[in-house]
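A.B. asks: Note that our numbering numbers the sequence shown so that position 79 is 96, with each residue one more than the last. Every residue gets a Cβ at the ideal spot worked out from N, C-alpha and C, and that includes glycine. If you're wondering where the values come from, they're calculated on a predicted model, not measured in any experiment. This structure is in C-alpha cells; I'll ask about it shortly.
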Amino acid sequence: MSNEPVSKIASQLSRLPGIGGKSAQRLAYHILNMPQEQARELATAIWDGRKNVRTCSICGDLTVSDPCPICSSPKRNARQICVVRDTRDVPALEQMRGAYSGLYHILHGTLSPMDGVGPNDIRVKELMERLVDVDEVILATNPDVEGEATASYLARLIKPLGVKVTRIAYGLPVGADLEYADGVTLQRAFEGRREV
Ligand code: ZN
C-alpha cells in the first residue's frame, strides 16, 4: 500500500527508452525523496516542454515556433538539404559549427521492411515536395543496414530530378582495428577515401 506512489512513478519511467524496471524503481524513490519544489519543477518542465513543442511543417524538427529557427533563418543555404533519421541527429550535425549551413529534413525513421516500415511511413513525400530550387541533397542517415537502404532508395528517387545527391563518408574511428570493423564501416571508409 505504501509503495503505490513508487510503482505508479516507476511504471511511467519504465516506458522511457533505456530505463529498465530496476532503474525506474530507483528513480521513483529518488523523486519521492526530492524536496517538493524540485519534484514540481521536474513535472512542470516535462509538461511545459511537451505542450509547447510541435513539429516544424517544413523539416520535421521539434520546434516551439513553426517554421523552426533553422528553416526560417535567412543565413541558411536553402539550396542544400541534409536528410537525417531523427531530430536528435540535428544538434549532432550542428556541432560542426558552421561546416554546414544548409537546411535539414528529418525522416522520423528509416526504411525497414522487416519491421514493416516502408516509404509511406517516413517523411519521403515531404522531402520530394521540397526539391524545388535545391542544388544538393546530403544523405546523412546512419551507416547501418536500414540507413544504407534508405540512402540508396532516396538516391534512386532523387537523382533523376537532376539534383546532386551525396552521402556523408563514414571513416573508421581513430584507433580502430580493421580486423574488428564491420563490413558497412569498412565499405564506407573505402568509398570516402581521398587521394593523399
Ligand atoms: Zn524546420
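1) Mind reading off the beta-carbon distance from residue 195 to residue 163? Whole number of angstroms is fine, and I expect it under 8 Å.
2) In this structure, what does DSSP give as the bridge partners for residue 121?
3) Let me know the secondary structure DSSP gives residue 59 once reduced to three states.
4) Three or more beta-carbon pairs under 8 Å between the region 116 to 127 and the region 96 to 104, yes or no?
5) Examine ligand 1 and report whether any of its heavy atoms sits within less than 8 Å of the Cβ of residue 78.
6) From residue 169 to residue 32, what does the alpha carbon distance come to, in whole angstroms?
7) When the Cα of residue 177 is compared with those of 166, 199 and 153, which residue comes out closest?
8) CA-CA distance, residue 126 and residue 115?
9) Classify residue 109: buried if its beta carbon has 16 or more other beta carbons within 10 angstroms, exposed otherwise.
10) So, are the CB atoms of residue 44 and residue 26 less than 9 Å apart?
11) Taking the alpha-carbon positions, what's the residue 57 to residue 71 distance?
12) Leaving out five residues on either side along the sequence, give the residues of the same chain with a beta carbon under 6 Å from the beta carbon of residue 75.
13) Got a sec, what are the start and stop residues for the alpha helix (DSSP H) residue 214 sits in?
14) Under 6 Å Cβ to Cβ from residue 79, same chain only, skipping five residues before and after it: list those, please.
15) Please identify the residue among 165, 135 and 180 whose C-alpha is closest to the C-alpha of residue 146.
16) Comparing the CB of residue 121 with every heavy atom of ligand 1, is any distance shorter than 8 Å?
17) CB residue 77 to CB residue 173, shorter than 9 Å?
18) Roughly how far, in whole angstroms, is the beta-carbon of residue 208 from the beta-carbon of residue 186, given that I think they are within contact range, below 8 Å?
19) Which residue comes first and which comes last in the alpha helix (DSSP H) that contains residue 173?
20) Need the endpoints of the alpha helix (DSSP H) that residue 43 sits in, please.
C.D. replies: To lay it out plainly:
1) Sequence index remark: in the sequence shown, residue 195 carries index 178 (1-based). Sequence index remark: in the sequence shown, residue 163 carries index 146 (1-based). 24 Å between Cβ atoms; not a contact.
2) Working through the sequence shown from its first residue, we reach residue 121 at position 104. According to DSSP, residue 121 bridges with 99.
3) Walking along the sequence shown from the start, residue 59 turns up at place 42. Looking at residue 59 - three-state DSSP - the assignment turns out to be helix.
4) yes
5) Start at 1 with the first residue of the sequence shown, and residue 78 comes out as number 61. Because some heavy atom of ligand 1 lies under 8 Å away, the Cβ of residue 78 counts as near it: yes.
6) Position 152 of the sequence shown holds residue 169. Position 15 of the sequence shown holds residue 32. Approximately 33 Å, taken between the alpha carbons.
7) In the sequence shown, the residue the question calls residue 177 occupies position 160. Considering only alpha carbons, the answer is 153.
8) Taking the sequence shown and counting its residues from 1, one reaches residue 126 at position 109. Taking the sequence shown and counting its residues from 1, one reaches residue 115 at position 98. Cα to Cα, residue 126 sits roughly 26 Å from residue 115.
9) Counting from 1 along the sequence shown, the entry for residue 109 is found at position 92. That one is exposed.
10) Reading the sequence shown from its first residue, position 27 is the one you call residue 44. Reading the sequence shown from its first residue, position 9 is the one you call residue 26. It is a contact, given that the beta carbons lie within the stated cut-off.
11) For this step, residue 57 is matched to residue 40 along the sequence shown. For this step, residue 71 is matched to residue 54 along the sequence shown. Their backbone Cα atoms lie some 23 Å apart in a straight line.
12) If you number the sequence shown from 1, residue 75 lands on position 58. Hits under 6 Å: 84 and 88.
13) Look at the range of the chain in this structure, 18 to 213, and you will see that residue 214 is not part of it.
14) In the sequence shown, counting from the first residue as 1, residue 79 sits at position 62. Contacts found: 70 and 104.
15) On the sequence shown, residue 146 is found 129 positions in, with the first residue counted as 1. Of the listed residues, the one whose Cα sits closest to residue 146 is 180.
16) On the sequence shown, residue 121 is found 104 positions in, with the first residue counted as 1. Result yes, Cβ under 8 Å from ligand 1.
17) Start at 1 with the first residue of the sequence shown, and residue 77 comes out as number 60. Start at 1 with the first residue of the sequence shown, and residue 173 comes out as number 156. No. Outside cutoff.
18) Position 191 of the sequence shown, counted from the start, is the residue given in the question as residue 208. Position 169 of the sequence shown, counted from the start, is the residue given in the question as residue 186. Contact holds; Cβ gap of about 7 Å.
19) Taking the sequence shown and counting its residues from 1, the one referred to as residue 173 is at position 156. From DSSP, the alpha helix (DSSP H) with residue 173 extends over 162 to 175.
20) Here residue 43 is taken as the residue at index 26 of the sequence shown, counted from 1. Unbroken alpha helix (DSSP H) run through residue 43: 38 to 49.
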